[in-house]
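Beneath this line is the structure, given in structure tokens, with notes to follow.
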Amino acid sequence: DLSYNSLSGTIPAALGSLSLSTLATLNLNSNQLTGTIPTGLESLAAIDTLNLSNNSLSGTIPSALGLLSASTLKT
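Numbering (my numbering), first residue to last: 34 to 108.
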């Protein structure tokens, strides 16, 4: 859980290429993240919850992340 940590900058595109194949939850809400949502996050195959809400992200949600259920993706 990385929420409420005053993280700033962009979400690294390489995050999806790390050995996180069993990561179930990625909670980055309520930080100061900017930029777009990297398409690399689609490789987080076991992700159950992806919470990016309450940041200053821009652009569209990558189409591959659109395959996640609404309960999984919180923007």
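Ideal Cβ positions, reconstructed from N, Cα and C, are used throughout, including at glycine. Predicted model, so just to flag it, every value in this text is computed and none were measured.
Going by C-alpha positions, Leu35 is about 6 Å away from Asn60.
Membership of Ser41 in the beta strand (DSSP E) is indicated by the continuous run 41 to 43.
Judged by DSSP in its simplified three-state form, Leu83 adopts strand. Here Asn88 is buried: its Cβ has 16 or more other Cβ atoms, across all protein chains shown, within 10 Å. Shown here for Gly68: same chain residues with a beta carbon closer than 6 Å to its own, the five before and five after excluded, namely Thr43 in chain order. Membership of Asn60 in the beta strand (DSSP E) is indicated by the continuous run 58 to 60. Here Asn64 is buried. Its C-beta has 16 or more other C-beta atoms within 10 Å.
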